[in-house]
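Residue numbers (my numbering): 130 to 712.
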Ligand code: GTP
Ligand code: SPV
Ligand code: MN
């Protein structure tokens, strides 16, 4: 054993006696160690080396073909009380869940090594950070945790000092989807995951700890754990603004976090603090500060290219792990949306056939955040960054305008709670179906959404210094496809958001919130007509009234636990929409 911490030692012993590994290895988090894991996986075939001239130190991992995305139907919150998990989660009685898992974990590591990964979510020296230990039998998980978190000796030191950590037990088991479960025990601050090696199911620091368990802790301790990017925008007057934005999986967080200013925005600078998760804390002046608990990106590969996301494209030219992409004939990774290279082998390892995907639509890159050319040093700041604006968004081909602003915090909570979005390949299941995804947290909130909305609402009673809340939609469509050019051009929308926060621009009060006045979104240099802009901002009363009905139905599923303020906010919008239509 390499720690004297009794709590940790006892727990590791317990897991060892259940899972019966051949050997135990404590990770120190060094680069040499990472390289040794890579070597090991090259030998076993878990990784293959990509073209080392064009993609130095980059590797391809092909997952099991049944194991390519999060599995929401197999993800459970095992709180003592069923109602604490809420209709937004699958629930299992904790005792029953433990028994089921004990059976599945029994002897599951025979013939394998058990790896102990101490990790810290957030800067090691930040009081806002939280530690965990993941036990796994997957070297791929170890390598990914190395790139994604601050893991190894410094994290272990902090755990020894605090004598407190989230416990995560992971085994790939036999990768049988019938024996796959991702279970959370919030009262025990424990995660148990078996049968999958895929990102969100297996890298337990990420969605399992930093969102599901952390959101529960945040409720008890008056902070927020959110599915949000954090981006720094500096305007030509050298004023800096920090924006936190929640979009559902595969709806543009990484892209917005790594945005490159478009033509006409030469004096602007954008830096990335985080691309997926934000922990928000309020200080004694009521100001919200955010840290990114992660240290790397697990990003969607398809669509990544020099034009749409040059920073991500550059970040993955070296030191990256690619999961489930295809190959060119000169052994470079290839994916849909890559602008050069000739695809030859698909993600399953077969000769690419016409009509098949080369890369899996949910193929992913794993890379250290420091590879990002626009990485912000503030990602390591113990205090985090002060948040100016919170942005919610979804993938809506209809209905939602390009941008609008909530009237105040409580209305903003309604806006966030009402987010609807078309489903994507990030989770197993149908794609393109609109579902309610409040604050982009449907798959990640570790407790009852009714309590979560109350928690969000409670901040307006605690501070008059809160960020303004906005809603955006980059994905509105007409017959020709996406109307808004998106990507770097999204800075034009952030520009308006920032001006609103500085009280530098007026807006139109509409039933759903404040919309930009004509011409207040800077479109100079863009090939987009006024009619098209009108189309992007059109509010259709009938559609909106229907939407508000469906939101109300959704809220009603949460019964008496729902905060009445949310219904009050809802009613205000509906009343105003009805008047608006009779104008
Ligand atoms: P997760 O990692 O699953 O949480 O996803 P994410 O929210 O970080 O999404 P990401 O930035 O990886 O984008 C997902 C997909 O949306 C990619 O295929 C992008 O090319 C596409 N996308 C991102 N931003 C835009 C945009 O502004 N407009 C359009 N049309 N597509 C976008
Ligand atoms: C998401 O699905 O929101 C992701 C990928 O960021 S995963 O880590 O699998 O959750
Ligand atoms: Mn995500």
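Quick reminder that beta carbons are idealized off the backbone N, C-alpha and C, glycines included.
With respect to the 8 Å criterion, residue 466 and residue 434 are classified as neighbours on the basis of their beta carbons. Distances from the CB of residue 683 to the heavy atoms of ligand 2 are all 7 Å or more. Shown here, residue 247 sits in a strand according to DSSP, grouped into three states. According to the DSSP secondary-structure assignment, residue 521 is paired through a beta bridge with 375, 600. Assigned with DSSP and collapsed to three states, residue 343 falls in helix. In this structure, residue 530 lies near residue 602, with their beta-carbon atoms less than 8 Å apart. Remark: the C-beta of residue 427 is in contact range of ligand 2, defined as less than 7 Å to any heavy atom. The C-beta distance from residue 702 to residue 640 rounds to 6 Å, short enough to fall under 8 Å. Within the model, the alpha-carbon separation for residue 682 versus residue 264 is close to 41 Å.
Rounded to whole angstroms, the gap between the alpha carbons of residue 444 and residue 224 is 44 Å. Counting C-beta pairs closer than 8 Å gives three or more between the stretch 545-552 and the stretch 560-579, which meets the contact rule.
Burial check for residue 158: the Cβ neighbour count within 10 Å reaches 16 or more, so the residue is buried. When secondary structure is reduced to three states using DSSP, residue 300 falls in the strand class. If only complete runs of 4 or more residues are kept, the stretch 546-612 shows the alpha helix (DSSP H) at 578-591, in order along the chain.
DSSP, reduced to helix, strand and coil, places residue 195 outside both helices and strands of the structure shown, so it counts as coil. From the listed residues 200, 237, 523, the smallest Cα separation to residue 219 is found for 200. At least one heavy atom of ligand 3 sits closer than 7 Å to the Cβ of residue 378.
Look at residue 279 here: in three-state DSSP terms it is strand.
DSSP places residue 132 outside both helix and strand once states are collapsed to three, so it counts as coil. In this structure, residue 571 has its CB at a distance of at least 7 Å from all heavy atoms of ligand 1.
Looking at the backbone, the Cα of residue 278 and that of residue 450 are separated by about 15 Å. Put simply, of 657, 700, 170, 143 the residue whose alpha carbon is nearest the alpha carbon of residue 673 is 700.
Leaving aside the five residues that flank residue 281 on each side, the residues in its chain whose CB is nearer than 7 Å to its CB run, in chain order, 156, 157, 158, 159, 247.
For residue 405, the Cβ falls inside the 7 Å cut-off from some heavy atom of ligand 3.
In this model, residue 215 and residue 140 are separated by some 30 Å (Cα to Cα). Within the model, the alpha-carbon separation for residue 409 versus residue 355 is close to 8 Å.
In the three-state scheme derived from DSSP, where H, G and I count as helix and E and B as strand, residue 504 is classed as strand. Secondary structure within the stretch 352-411: the beta strand (DSSP E) runs of 3 or more consecutive residues, fully enclosed, are 353-355, 357-363, 369-375, 398-403, 407-411 (chain order). At least one heavy atom of ligand 1 lies closer than 7 Å to the C-beta of residue 381. Closest by C-alpha distance to residue 204, out of 329, 454, 539, is 329. Residue 512 is positioned such that its CB atom lies closer than 8 Å to that of residue 418.
If you look at residue 493, you'll find it in the beta strand (DSSP E) that goes 493-497.
Here DSSP, grouped into helix, strand and coil, assigns residue 321 to strand.
The residues 191, 194, in chain order, have a CB closer than 8 Å to that of residue 477 in the same chain once the five nearest residues on each side in sequence are set aside. Here the distance from the Cβ of residue 555 to the nearest heavy atom of ligand 2 is below 7 Å.
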